[in-house]
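So the structure is just underneath, and the comments pick up after that.
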Amino acid sequence: MPFLTPSMYGRQFSLLLIPVLVFCSCAKDEPIGPDLGGLFGELELLSDFGHNMPNGVHFEDEETVDFSANFNLEVDYTLSFIGQSSGATYSISGKSTNLSGISWGGECNAVFFRPMEWVHCVLEFEDHPDNTQIDSVFVWEQPDLSISGVLLTSFEEPSSFSLTSGDFTDHLETAVNTLEAVEGTTYVSGIGTGPATWYGAIRILTNQGDLSNMEVSSSFLNLHARSELEGSATVIKVFEDSNDDGIIDAGQDEVFTTKLPIIADGEWHRMNLPLSNLALDLSGNNVSVNGGVLDLEKALRIDITFSQLGTSDGTFGFDVDYVILTPDFPF
Ligand SMILES: [Ca+2]
Ligand SMILES: [Ca+2]
533 MPFLTPSMYG
543 RQFSLLLIPV
553 LVFCSCAKDE
563 PIGPDLGGLF
573 GELELLSDFG
583 HNMPNGVHFE
593 DEETVDFSAN
603 FNLEVDYTLS
613 FIGQSSGATY
623 SISGKSTNLS
633 GISWGGECNA
643 VFFRPMEWVH
653 CVLEFEDHPD
663 NTQIDSVFVW
673 EQPDLSISGV
683 LLTSFEEPSS
693 FSLTSGDFTD
703 HLETAVNTLE
713 AVEGTTYVSG
723 IGTGPATWYG
733 AIRILTNQGD
743 LSNMEVSSSF
753 LNLHARSELE
763 GSATVIKVFE
773 DSNDDGIIDA
783 GQDEVFTTKL
793 PIIADGEWHR
803 MNLPLSNLAL
813 DLSGNNVSVN
823 GGVLDLEKAL
833 RIDITFSQLG
843 TSDGTFGFDV
853 DYVILTPDFP
863 F
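Set out below in structure tokens:
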């Protein structure tokens, strides 16, 4: 398929809008339902709905799409963004006589907007359904995740993580250059079979960013996961260097863990783990050193383990994309 430039797409989109506009003007002659204009006053746009990025937006450079429109009255509105290839969505609601100060920096709901994607911008008015406005914006690339917190890995950089397999691992590998990734073009996929609770792990060294400003009580570990295998789970493990010798010593340093179920509907889901949910792990020969309290400044490594909820003999696993730590709010 030939690549459409923003201006080419704009023309096609305008042509598509003509029947919509004709339909709207016809519908106005014969209103269906209550006369909302009589209840709330007729809404008029005193200036057109539009935005400041006709040539597309570079979220990576922290550009934002700034919207404009002026109304003849104060009105409830919802501005929705719908990715045409990713299916990603996001919306902003408000009540005002204009859209000044309303901007979009690439925020999203369940999945991310994709690089090189057309996004429809739909402005709707709850009390004035005939006044819906549509525009579109071209997204050149995704926002830089590291703006939101400490990005431990997005899996795009092979040096930012390592993979460890075991006896029950079927496969554990990176999927590269794929539109299936929820962030960028790379994610990790792990599957194992057998009556085990460890099918392999992603190991991430925590020197990817400064954790000293992050409080355990108010911070989150965030990732995206996807699975079709019922009963799959991940065990998150944080390894401390409790005795400050620069290495992780089994039986001498504290380990903190928690197990999270993975939704098995085949779709990508955001997962947000409050770091305060991590509990001291005293299994095996693990120990309590400095009172069993997680100290992020001593954290050396985080493992994302492929596991299952129980101990049954089956096949379990999931895909995972990016791991980011955020202070104060989940990502
Ligand atoms: Ca990625
Ligand atoms: Ca140590």
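In my numbering, the protein residues as written are 533 to 863. Glycine included, every Cβ here is placed at the ideal spot set by N, Cα and C. The model shown is predicted, which means the values in this text are computed figures rather than measured ones.
- Message: Once DSSP output is grouped into helix, strand and coil, what is the label at Leu807?
- Response: Along the sequence shown, read from residue 1 onward, the residue named residue 807 stands at position 275. Of the three classes helix, strand and coil, the one that applies to Leu807 here is helix, per DSSP.
- Task: Could you name the residues of the same chain whose beta carbon sits closer than 8 Å to that of Gly842, not counting the 5 residues immediately before and after it, in chain order?
- Result: The sequence position of residue 842 within the sequence shown is 310, counting from 1. Cβ within range, chain order: Gly763.
- Query: DSSP puts Ala802 in a beta bridge; with which residues?
  - Reply: Taking the sequence shown and counting its residues from 1, the one referred to as residue 802 is at position 270. According to the sequence displayed, residue 802 carries Arg and not Ala. His756, per the DSSP bridge assignment.
- Item | Local conformation of Gln665 per DSSP, three classes | The residue labelled residue 665 in the question sits at position 133 within the sequence shown. Secondary structure at Gln665: strand, using DSSP grouped into helix, strand and coil.
- Task: Whole angstroms is fine: what's the gap from Ser694's alpha carbon to Gln740's?
- Result: By 1-based counting over the sequence shown, the position of residue 694 is 162. By 1-based counting over the sequence shown, the position of residue 740 is 208. Those two C-alpha atoms are separated by around 13 Å.
- Message: I need the DSSP call for Asp593, collapsed to helix, strand or coil.
- Response: Here residue 593 refers to the residue found at position 61 of the sequence shown. Helix.
- Task: Go to Trp730, then tell me how far its beta strand (DSSP E) extends in each direction, as first and last residue.
- Result: The residue labelled residue 730 in the question sits at position 198 within the sequence shown. Neither: Trp730 is in no beta strand (DSSP E) and is coded neither H nor E.
- Item | Alpha-carbon to alpha-carbon, Val714 and Ser635 | Indexing the sequence shown from 1 puts residue 635 at position 103. Indexing the sequence shown from 1 puts residue 714 at position 182. Distance between the alpha carbons of Ser635 and Val714 is about 23 Å.
- Under the assumption that Val669 contacts Gly588 (Cβ atoms under 8 Å), give the Cβ distance between them as a whole number of angstroms. Position 137 of the sequence shown holds residue 669. Position 56 of the sequence shown holds residue 588. Sure, about 7 Å apart at Cβ, within 8 Å.
- Item | C-alpha distance - Asn709 paired with Asp580, whole-angstrom precision | Stepping through the sequence shown from its first residue, residue 709 is reached at position 177. Stepping through the sequence shown from its first residue, residue 580 is reached at position 48. Straight-line Cα distance between these residues: approximately 40 Å.
- Kindly give me the distance between the Cβ atoms of Arg646 and Gly615, rounded to whole angstroms, as I take these residues to be in contact under 8 Å. Locating residue 646 in the sequence shown gives position 114, where the first residue counts as 1. Locating residue 615 in the sequence shown gives position 83, where the first residue counts as 1. Arg646 to Gly615, Cβ: 6 Å. Contact.
- Query: How long is the line joining the alpha carbons of Trp917 and Met803, rounded to whole angstroms?
  - Reply: Look at the range of the chain in this structure, 533 to 863, and you will see that residue 917 is not part of it.
- Contact test: Thr706 Cβ vs ligand 1 heavy atom, cutoff 7 Å: Looking up residue 706 in the sequence shown gives position 174. The answer is no for Thr706.
- Gln616 in three-state terms, based on DSSP: Taking the first residue of the sequence shown as 1, we reach residue 616 at position 84. Coil.
- Secondary structure at Glu772, three-state DSSP: helix, strand or coil? Indexing the sequence shown from 1 puts residue 772 at position 240. Reduced to three states, the DSSP call for Glu772 is strand.
- Glu688 - DSSP class collapsed to helix/strand/coil: Counting from one through the sequence shown, the residue named residue 688 turns up at place 156. Three-state result, Glu688: coil.
- Does DSSP classify Asn604 as helix, strand or coil? As a working note, residue 604 is residue 72 in the sequence shown. DSSP places Asn604 in strand when its eight states are reduced to three.
- Message: Within a Cβ cutoff of 7 Å, which residues of the same chain sit near Ile794, ignoring the five residues on either side of it in sequence?
- Response: Position 262 of the sequence shown, counted from the start, is the residue given in the question as residue 794. Cβ neighbours of Ile794 beyond the five flanking positions: Ala757, Ser759, Ser764, Ala765, Thr766, Phe850.
- Message: At a cut-off of 7 Å, would you count Asn775 as near ligand 2, judging by its Cβ distance to the nearest heavy atom?
- Response: Here residue 775 refers to the residue found at position 243 of the sequence shown. Taking 7 Å as the cut-off, the C-beta of Asn775 counts as close to a heavy atom of ligand 2.
- Item | Distance, Asp853 Cα to Ile734 Cα | In the sequence shown, residue 734 corresponds to position 202, counting from 1. In the sequence shown, residue 853 corresponds to position 321, counting from 1. So the alpha carbons of these two residues sit roughly 11 Å apart.
- Query: Which ranges would you report for the beta strand (DSSP E) in the segment 815-861 if only whole runs of at least 3 residues count?
  - Reply: 831-840, 846-859
- What are the partner residues of Trp650, as DSSP defines its beta bridges? As a first step, residue 650 must be located in the sequence shown, where it is residue number 118. Beta-bridge pairing links Trp650 to Phe670.
- Can you grab the Cα-Cα spacing for the pair Ser844 / Ala796, in whole Å? For this step, residue 844 is matched to residue 312 along the sequence shown. For this step, residue 796 is matched to residue 264 along the sequence shown. Using only the alpha carbons, I get a separation of about 17 Å.
- Residue range of the unbroken beta strand (DSSP E) whose run includes Thr701: On the sequence shown, residue 701 is found 169 positions in, with the first residue counted as 1. For Thr701, the enclosing beta strand (DSSP E) begins and ends at 701-707.
- Rounded to whole angstroms, how far is the Cβ of Gly633 from the Cβ of Ile856, which I believe are closer than 8 Å? Here residue 633 is taken as the residue at index 101 of the sequence shown, counted from 1. Here residue 856 is taken as the residue at index 324 of the sequence shown, counted from 1. Contact flag wrong, Cβ pair sits at about 28 Å.
- Message: Going by DSSP in three states, Ser876 sits in which element: helix, strand or coil?
- Response: Because the chain here runs from 533 to 863, residue 876 falls outside it and cannot be looked at.
- Query: When you compare only the Cα positions, how much space is there between Pro675 and Ser686?
  - Reply: Residue 675 sits at position 143 when you count from the first residue of the sequence shown. Residue 686 sits at position 154 when you count from the first residue of the sequence shown. Whole-angstrom Cα-Cα distance: 12 Å.
- Message: So, for Asn817: in the same chain, excluding its five sequence neighbours on each side, which residues have a beta-carbon less than 6 Å away from its beta-carbon?
- Response: For the purposes of this step, residue 817 is taken as residue 285 along the sequence shown, with counting starting at 1. Around Asn817: Gly783.
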